[in-house]
Structure formats: structure tokens, C-alpha cells
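Chemist:
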Amino acid sequence: MLENKISDSYRLLAKILFFCSGEVIALAKLVHEIEFLNENGAKNDVHMCGSFRHCIHIIQGSLRSTNMQVQMLGIHVLKTCAQRELTEVSQTETHSFMILLGELLGDVFDLMQTALKNCSSQESVNVIDDCLKLLFLFHTLAQSQKYQQEATVLLLDALLMVFYLSDENASQVANRYLFP
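Just so you know, we're using this note's numbering here: the sequence shown kicks off at 5 and counts up by one.
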């Protein structure tokens, strides 16, 4: 009975975190679009820029969490928003989601690297999988914009990192069992 309550509480908290993270991403996109379209003056731009940075810090908090499930939710929300961005094919000139995602790419790479080094659980594999899917979506979104070459380089860097670190981990495991 107690285990069911904990499980239900966890599911509820996960749904709340998922919803709130999605709303923060939507707010960041909106703030960036308002900032881009606003011509009123520098005072308002400072507030908008601060709001945009605050939204980024909130999302970074989920990606930098020590809890693997929170990290997975953060990546999943970003991936879901990227998929939505692809299907909506927004014709705005601001590319707000790409700007937001560009600010978070360093955290995505850090998360992948950490998961690859501790690749001992299915959760780590899922995090790596979702990070790669997010980078593929970023690459696809960038194809219609002026920074497609940079997106390709980032994707190749991520794939090389996965191959290199996973090969390094496999060598360590082999050495542990072959040379005790």
C-alpha cells in the first residue's frame, strides 16, 4: 500500500515537472520573440533578457540535477518541444526555440558525457538515446536555417563522443574481467 502511494506521488511529481518544464520553454520562446520584435527601448530589453536567462537556468536545473529521472524528464521535454517545433513548421524569423536549444547544448553534451561514463544502468542508456534524438532533431530543425553546417558538426561531435566513450568503457570492463 505504501509503495503504491510513493509510486503515485512520484508519477504526480513527474507530471508536474514535465508540465512546468514545457511551460518554461514556451515562456522562454515567447519572451525571446517579444524581445526580438520589441522596439520600445533598452529598459524593457533588460527585463526580457533577464527573463529569458532565468528560463534557461530553470531548464538547466533539470539537466544538471543529480537525480537521473529528473534529467530524463528534462531531456524528454526538450525532445518533445523539438518534435512539436518540427511539426508546426513555424515561419517566424526569430527561431526562438533554436536559440533556446543552442543555449542548452553544452548541458546536453555534459549530460551525455556523464551518462556515458556511468553507463551501468538502463536509465543511462535512455538518457544517451534521448540526447542523441534531441541532437538529431536540432540538426533537422537547422536544415532550413543558416546554421546547418554548425548543427552537423555538433551532431558528429556527439556521435564521436558516444563511440569513443562507449568503446573506452567497454575496454575498461574487458580489462576488469580479463586481467583481474
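Ideal placement from N, C-alpha and C gives every residue a C-beta, glycine not left out.
1. State the Cα-Cα distance for the pair Leu-21 and Leu-105, rounded to the nearest angstrom.
2. Could you pull out every residue in the same chain whose Cβ sits closer than 8 Å to the Cβ of Arg-180, ignoring the five residues on either side in sequence?
3. For a quick check, are the C-beta atoms of Leu-145 and Ala-162 less than 8 Å apart?
4. With a cut-off of 8 Å on the beta carbons, I'd call Asp-134 and Met-72 a contact; round off their distance for me.
5. Answer yes or no: do Cys-53 and Glu-39 have a C-beta to C-beta separation smaller than 8 Å?
6. Give me, in chain order, the residues of the same chain whose beta-carbon lies closer than 8 Å to that of Ser-170; leave out the 5 immediate sequence neighbours on both sides.
7. Under 8 Å, do Gln-64 and Asp-111 count as touching if we go by C-beta distance?
Modeler: With the given structure in hand:
1. Between Leu-21 and Leu-105, the C-alpha separation is close to 19 Å.
2. With a pLDDT of 47 at Arg-180, under the threshold of 50, the modelled position of this residue cannot be trusted, and the question is left open.
3. no
4. Between Met-72 and Asp-134 the Cβ distance is about 12 Å, and since that is not below 8 Å, they are no contact.
5. yes
6. Leu-120 and Cys-123
7. yes
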